[in-house]
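In what follows, a single structure is set out as C-alpha cells and then discussed.
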Ligand SMILES: [Zn+2]
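Numbering (this note's numbering), first residue to last: 47 to 208.
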C-alpha cells in the first residue's frame with residue numbers, strides 16, 4: 047500500500063489494507079479531527095442526526111441532573127468564562143448589535159457616557175492584536191464619541207461600535 051499524507055497532520059502514513067481509502071493516520075488527534083469534521087458535516091446536512099443528538103443529550107441530562115453543577119464548582123474558571131460570555135449574549139440580545147452599523151449615525155449621540163470596560167477571557171479573543179470587551183453603561187453623559195477609561199492601572203481608549 048502506498049504512503050499518503052494525513053489530512054490532519056500532513057505526515058505520511060500507510061493506509062490499512064482493510065481501508066484503502068483511509069485519509070487520516072491513526073494518531074488519536076487526527077482521528078478526533080476526522081470525527082469532528084464528520085460530525086460537523088452531519089450537523090449541517092442531516093436534520094435527523096441533529097434531532098437524535100438533541101434527544102440523546104436531553105436524556106443524558108435527565109440521567110445526570112447534577113453534572114454541570116458539580117463541573118462548575120470543580121472548574122471555577124470555566125464558570126467565570128461562561129458568565130462573561132453570557133454578559134455578551136445578554137448585551138447583544140437587548141440592545142444595538144456590535145459592528146456593521148453606521149458609526150456616524152446621529153442616534154449614536156444617545157450612547158455617549160461612561161462605560162465599564164471588561165476584558166473578556168483569552169479564548170474569546172478572535173484576533174491576537176485586538177481585545178474583545180464588553181461595555182456596560184455606568185452613566186449617560188452627552189459628550190464625545192470616544193473616551194478614556196482607567197481601570198486597574200490600565201488606560202484604554204474605547205470607541206462606540208454601534
Ligand atoms: Zn495524522
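Every residue gets a Cβ at the ideal spot worked out from N, C-alpha and C, and that includes glycine.
Residue i CB to nearest heavy atom of ligand 1 below 7 Å
| i | result |
| --- | --- |
| residue 73 | yes |
| residue 70 | yes |
| residue 67 | no |
| residue 54 | yes |
Residues of its chain near residue i, where Cβ-Cβ distance is below 8 Å and the 5 sequence neighbours each way are ignored
| i | result |
| --- | --- |
| residue 113 | 107 |
| residue 58 | 49, 50, 51, 52 |
Candidates the options: closest to residue i by CA position
| i | options | result |
| --- | --- | --- |
| residue 32 | 83, 62, 66 | Nothing about residue 32 can be read from this structure; the chain reaches only from 47 to 208. |
| residue 130 | 163, 95, 98 | 163 |
Reduced DSSP category for residue i - H, G, I as helix; E, B as strand; rest coil
| i | result |
| --- | --- |
| residue 62 | coil |
| residue 120 | helix |
| residue 130 | helix |
| residue 70 | coil |
| residue 51 | strand |
Residue i: CB within 7 Å of a non-hydrogen atom of ligand 2
| i | result |
| --- | --- |
| residue 57 | What this structure holds is ligand 1, not ligand 2. |
Cβ-based neighbour list, residue i, same chain, cut-off 7 Å, excluding 5 preceding and 5 following
| i | result |
| --- | --- |
| residue 68 | 61, 62 |
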